[in-house]
Every structure is written in structure tokens, then in C-alpha cells.
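Student:
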Amino acid sequence: METQTTSLKKIALNYGVLLALLSIVLQVISYVLDVHIDRPWWLTVLQLIISVGVIVYGIKAFKISNENYLTLGQALKTGLAISLVAGIIAVVFNYIFMNYIDPDFVQKTLDFSREQMLVKNPEMTQEQIDMAMNMSAKFMSPMIMSAFAIIATLFFGFIISLFAGLVMKKNPPQQL
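Heads up: the sequence shown begins at -11 in the working numbering, then just goes up one per residue.
1) Assuming Tyr45 is part of the alpha helix (DSSP H), what are its boundary residues?
2) Enumerate in chain order the residues of its own chain whose CB-to-CB distance from Leu142 is below 8 Å, with the five nearest sequence positions on each side excluded.
3) Could you tell me which of Lys51, Ser11, Thr32 sits nearest to Ala78, measuring between CA atoms?
4) Quick one: what's got a C-beta closer than 7 Å to Thr97's C-beta in the same chain, skipping five residues either side?
5) Alpha carbons only, please: which of Leu14, Ile(-1), Val44, Met119 is nearest the one belonging to Gln35?
6) In whole angstroms, what separates the C-alpha of Pro130 from that of Lys108?
7) What is the residue span of the alpha helix (DSSP H) that Lys126 lies within?
8) Decide if Phe50 is buried, meaning its Cβ has at least 16 other Cβ atoms within 10 Å, or exposed.
9) Taking Phe81 as the reference, which of Tyr3, Gly145, Asn2, Ala137 has the closest Cα?
10) Since Phe151 is in the alpha helix (DSSP H), which residue starts that stretch and which ends it?
11) Tell me the DSSP secondary structure of Lys(-3) in three-state form.
12) In the DSSP assignment, find the unbroken alpha helix (DSSP H) run with Asn82 in it and report its ends.
13) Taking the C-alpha atoms as reference points, what is the distance between Pro161 and Val155?
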């Protein structure tokens, strides 16, 4: 039983760091291409493919290290552990990104949101726009953004792990 725990920690750390690094590379590419505020659909799809690939391979690595057996619970634990490691690293990087690489990120995002609001809802009054922007600004605080990032990472990690676990599940034989 001890080897499984050690294996889970090692796999979660290795694949979590890999997922975080690939996500950071994608974020840097989007910054260099200047599409980090208005993310195009292909960036979202690419991030999803990377997340699914890394989590599924991590779960498969756990299965292989566990004599080719995998319960749904183990798949969920492994995927969530990978997601948690990646989420924590991503939050640290986002803090660095928003404070040192692009310190105007929050203001640019709020300005972009205001423009989108005006384009999509031209009948909105100035008061409604100001109220919506104040609410948006509250959600752009580092603590709230970090909390949402971790929650979103764990949520999608759970969904990916659930499907991967259902597909790869192979229960060990029951001992009498």
C-alpha cells in the first residue's frame, strides 16, 4: 500500500508540473501574440487538449505502476492531485504575470469587458455599465482570481479524471 501512495505523489508532482509548464508556455505564447486579453477559441481548445492529455497520461502511468489495476477512486485521486499541483503552480505564475510581466493586465481586461458590454448591449445605461464594471473589478482581485482558478482547475480535472477513470478502470481481483 505504501508504494501506491508514493507512486501517486510522484505521478501527481511530475504530471502536475508538466501540465503547469505547458499551460504557462501557452499563456506566454498568447501574451507574445497579444491575444491574452481576448483569447481566441483555438487557445481554449489547445489548453483543453493539453489538460486532457496530461491528466490521462498521468492516470495511465498510475495504472501501470499499480500492476495495471485502476479503480475509479484511484483515477479521480490521481487526476485531482495532478490538477491541484498544476493549479497551485499556475496561480503562482499568474501572480508573477499580473504583477511583473503585464502589470496592466487587470485594467486591460476591465477595459476589454467594458468595450464588449457596449458592443453587445448598446441599450445599457451608464449607471448599469458602471455597476457591472464595479462588480467585475471585485472579481479581478488576486485572491478571488486565485480561488476561482484553483476551483476551475479542480473541476475540470475531476471531469477529465472521471471519464478517463471510467474508460481505464480495471479493478484488482477480490481476495477471499
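Ideal Cβ placement from N, Cα and C applies to all residues, glycine included.
Tutor: Result, derived from the coordinates:
1) By one-based count along the sequence shown, residue 45 stands at place 57. For Tyr45, the uninterrupted alpha helix (DSSP H) run begins and ends at 29 to 53, by DSSP.
2) Within the sequence shown, numbered from 1, the residue matching residue 142 stands at position 154. Scanning its chain for C-beta atoms nearer than 8 Å, with the 5 sequence neighbours on each side dropped, one finds around Leu142 the residues Leu68, Ser71, Leu72, Gly75, in chain order.
3) Working through the sequence shown from its first residue, we reach residue 78 at position 90. Of the candidates Lys51, Ser11, Thr32, the residue whose Cα lies closest to the Cα of Ala78 is Ser11.
4) Position 109 of the sequence shown, counted from the start, is the residue given in the question as residue 97. Hits under 7 Å: Ile25, Met128.
5) Mapped onto the sequence shown, residue 35 falls at position 47. For Gln35, the closest alpha carbon among the candidates Leu14, Ile(-1), Val44, Met119 is that of Leu14.
6) What you label residue 130 is simply residue 142 of the sequence shown in a count that begins at 1. What you label residue 108 is simply residue 120 of the sequence shown in a count that begins at 1. Roughly 27 Å between the two C-alpha positions.
7) For the purposes of this step, residue 126 is identified with residue 138 of the sequence shown, where counting begins at 1. Note, Lys126: alpha helix (DSSP H), 114 to 127.
8) For the purposes of this step, residue 50 is taken as residue 62 along the sequence shown, with counting starting at 1. Buried, since its Cβ has 16 or more Cβ neighbours within 10 Å.
9) Start at 1 with the first residue of the sequence shown, and residue 81 comes out as number 93. Minimum Cα distance to Phe81 is reached at Ala137.
10) Stepping through the sequence shown from its first residue, residue 151 is reached at position 163. Run containing Phe151: 130 to 156, per the alpha helix (DSSP H) assignment.
11) As a first step, residue -3 is located in the sequence shown; it is residue number 9 there, counting from the start. Under the three-state reduction of DSSP, Lys(-3) is assigned to helix.
12) Within the sequence shown, residue 82 is the residue found at index 94, counting from 1. That run of the alpha helix (DSSP H) goes 60 to 84.
13) In the sequence shown, counting from the first residue as 1, residue 161 sits at position 173. In the sequence shown, counting from the first residue as 1, residue 155 sits at position 167. Answer to the nearest angstrom: the Cα atoms are 18 Å apart.
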